[in-house]
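Each residue of the sequence shown is one higher than the last, beginning at 4 in this note's numbering. Below is one structure, written out as structure tokens; the observations come after it.
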Amino acid sequence: MSDCILEAQDIRKSFFFKGSLITVLDNVQFHIRTGQFVSIIGPSGCGKSTFLELLAGITTPDEGFILLKGNDITAKTGFLGYMPQDDLLFPWLTVMKNILLPVKVTGSNEQEAKQKINELLPLFGLQNYTEHLPYQLSGGLKQRVALLRTYMCSADILLLDEPLAKLDALTRSQLQSWLKDIVHLLNLTVILVTHDIDEAIMLSDRIDLMGINPGTFIESIKLDRNNPLTAEEQLKLKIKLRSQLVNGESNNDKK
Ligand SMILES: Nc1ncnc2c1ncn2[C@@H]1O[C@H](COP(=O)(O)OP(=O)(O)OP(=O)(O)O)[C@@H](O)[C@H]1O
Ligand SMILES: [Mg+2]
4 MSDCILEAQD IRKSFFFKGS LITVLDNVQF HIRTGQFVSI IGPSGCGKST FLELLAGITT
64 PDEGFILLKG NDITAKTGFL GYMPQDDLLF PWLTVMKNIL LPVKVTGSNE QEAKQKINEL
124 LPLFGLQNYT EHLPYQLSGG LKQRVALLRT YMCSADILLL DEPLAKLDAL TRSQLQSWLK
184 DIVHLLNLTV ILVTHDIDEA IMLSDRIDLM GINPGTFIES IKLDRNNPLT AEEQLKLKIK
244 LRSQLVNGES NNDKK
């Protein structure tokens, strides 16, 4: 696809479990354009986190390729900003030091990075917390630190694995609005894994639905940010997504 920035082609991934090879992902095709926000929804265990790990290059597919601007980045790390499902801040490092970590790891210019972080802190609502340790932060603040750290990987494509799932409903809804604004302000391209259908509808240009056994994309729903769904359309979409999440077998009969 010519106008896409990131693409996954014909991905297959299996794991050995108790002596058997289990195919978790099969025939996975995916693409995203610059500035797009795509949410991935699917039943628990269908392979969403496995897919993000493959995109991030921290695992290798059995078959298939990951292409960034047409270049093969399969099994190569450092090209995309990846925030894992259980992103842990280092408890002994301050907020500033946690955010600086990717900069230190990649050996980038620390002074320049600090300047950039200082500019970004107010946008992330963290300007008063730079010297705090993670245990001194609320859940919402911790997730914002983790997001800023992910952004400091010098990537404008972010892979976010359920970043808001563990927050209480009010904080989650506040951070959803904040995320929507920040994605726009920083012109980010985002792939978000979520179980929250409302979150996906609110934030996405596209929702890709994944089936299970094996995990593969079974439907893609386009949304228009400039032309939001009516209440009735939203309800219909929610009912459809919910029923597909419950009956999420892929029925991939090609094997
Ligand atoms: N390293 C591994 N070894 C063996 N099996 C694995 C490994 N990693 C993942 N799996 C299996 O692959 C399947 C997909 O796991 P994955 O974590 O990608 O699911 P998920 O869609 O992210 O689920 P959830 O919504 O619960 O986070 C699961 O059955 C899981 O047990
Ligand atoms: Mg997961």
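We put the CB at the ideal spot given by N, CA and C, even for glycine.
- Item | ligand 1 heavy atom lying under 8 Å from the CB of I25 | Taking the first residue of the sequence shown as 1, we reach residue 25 at position 22. Checking every heavy atom of ligand 1 against the Cβ of I25, one is found closer than 8 Å.
- Task: Give the DSSP bridge partners of T192, in chain order.
- Result: Within the sequence shown, numbered from 1, the residue matching residue 192 stands at position 189. According to DSSP, T192 bridges with I160.
- Item | S42 CB to nearest heavy atom of ligand 2 below 8 Å | Locating residue 42 in the sequence shown gives position 39, where the first residue counts as 1. Incorrect: S42 has no Cβ contact closer than 8 Å to ligand 2.
- Task: Measure how close the beta-carbons of L58 and L83 come, nearest whole angstrom, since I'm counting them as under 8 Å.
- Result: Counting from 1 along the sequence shown, the entry for residue 58 is found at position 55. Counting from 1 along the sequence shown, the entry for residue 83 is found at position 80. Their Cβ separation, rounded to whole angstroms, is 6 Å, which keeps L58 and L83 in contact under 8 Å.
- Quick one: measure Cβ to Cβ for G214 and I221, integer angstroms, because I've assumed they're closer than 8 Å. Position 211 of the sequence shown, counted from the first residue, corresponds to residue 214. Position 218 of the sequence shown, counted from the first residue, corresponds to residue 221. 4 Å between Cβ atoms; contact.
- Query: Cβ of S223 versus every heavy atom of ligand 1: is any distance shorter than 8 Å?
  - Reply: Residue numbering aside, residue 223 sits at position 220 when the sequence shown is read from its first letter. It does not: the Cβ of S223 is nowhere closer than 8 Å to a heavy atom of ligand 1.
- Helix, strand or coil: which one does DSSP assign to Q146? Start at 1 with the first residue of the sequence shown, and residue 146 comes out as number 143. Helix.
- Query: Who are the Cβ neighbours of S246 in its own chain at under 7 Å, not counting the five residues just before and after it?
  - Reply: As a working note, residue 246 is residue 243 in the sequence shown. Answer for S246: no residue qualifies.
- Task: Rounded to whole angstroms, what's the CA-CA distance from K258 to Q130? Just pull it up for me.
- Result: Within the sequence shown, the letter at position 255 stands for residue 258. Within the sequence shown, the letter at position 127 stands for residue 130. Unreliable placement is indicated for K258, whose pLDDT of 38 sits below 50; no coordinate value is reported for it.
- Message: Quick check on Q39: buried or exposed, where buried means 16 or more other Cβ atoms within 10 Å of its Cβ?
- Response: The residue you call residue 39 lines up with position 36 of the sequence shown. Label assigned to Q39: buried.
- DSSP three-state assignment for Y132, whether helix, strand or coil: One-based indexing of the sequence shown puts residue 132 at position 129. Y132 falls in the coil class under three-state DSSP.
- Message: Determine whether the beta carbon atoms of K16 and T77 lie at a separation below 9 Å.
- Response: In the sequence shown, residue 16 corresponds to position 13, counting from 1. In the sequence shown, residue 77 corresponds to position 74, counting from 1. It is not a contact, given that the beta carbons lie outside the stated cut-off.
- Message: DSSP has D75 in a bridge; who is on the other side?
- Response: As a position in the sequence shown, residue 75 is number 72, starting the count at 1. For D75, which the question treats as bridged, DSSP gives the partners L70.
- Query: Cα separation between I69 and G143?
  - Reply: Here the question's residue 69 lines up with position 66 in the sequence shown. Here the question's residue 143 lines up with position 140 in the sequence shown. The alpha-carbon atoms of I69 and G143 are separated by roughly 32 Å.
- Query: Hey, would you say T197 sits closer than 9 Å to I43, going by beta carbons?
  - Reply: By one-based count along the sequence shown, residue 197 stands at place 194. By one-based count along the sequence shown, residue 43 stands at place 40. Yes. Within cutoff.
- Compare the Cα-Cα distances from I262 to each of T233, L91, I242 and V193 and report the closest residue. Nothing about residue 262 can be reported from this structure: the residues present for the chain run from 4 to 258 only.
- Item | Beta-bridge pairing of F19 - partner residues as DSSP gives them | As a first step, residue 19 must be located in the sequence shown, where it is residue number 16. Beta-bridge pairing links F19 to L24.
- Message: Measuring only from the beta carbon, is E202 closer than 8 Å to any heavy atom that is part of ligand 2?
- Response: Reading the sequence shown from its first residue, position 199 is the one you call residue 202. No.
- Message: Is any non-hydrogen atom of ligand 1 found closer than 8 Å to the C-beta of K117, if you look at the structure I gave you?
- Response: The residue labelled residue 117 in the question sits at position 114 within the sequence shown. No; taking the cut-off as 8 Å, the Cβ of K117 has no heavy atom of ligand 1 nearer than that.
- Could you tell me the boundaries of the beta strand (DSSP E) in which D93 lies? By one-based count along the sequence shown, residue 93 stands at place 90. The question names Asp, but residue 93 in the sequence shown is Phe. First-last for F93: undefined, no H or E at that position.
- Message: So, for K145: in the same chain, excluding its five sequence neighbours on each side, which residues have a beta-carbon less than 8 Å away from its beta-carbon?
- Response: Indexing the sequence shown from 1 puts residue 145 at position 142. Only L92 and P137 meet the Cβ criterion.
- Message: Whole angstroms are fine: how far does the CA of L195 sit from the CA of L3?
- Response: Look at the range of the chain in this structure, 4 to 258, and you will see that residue 3 is not part of it.
- Message: Just to confirm my understanding: we take Q88, look at its own chain, exclude 5 residues before and 5 after, and list those with CB closer than 6 Å. What are they?
- Response: Locating residue 88 in the sequence shown gives position 85, where the first residue counts as 1. Closer than 6 Å at the Cβ level, and outside the excluded window around Q88, lie S52, D164 and E165.
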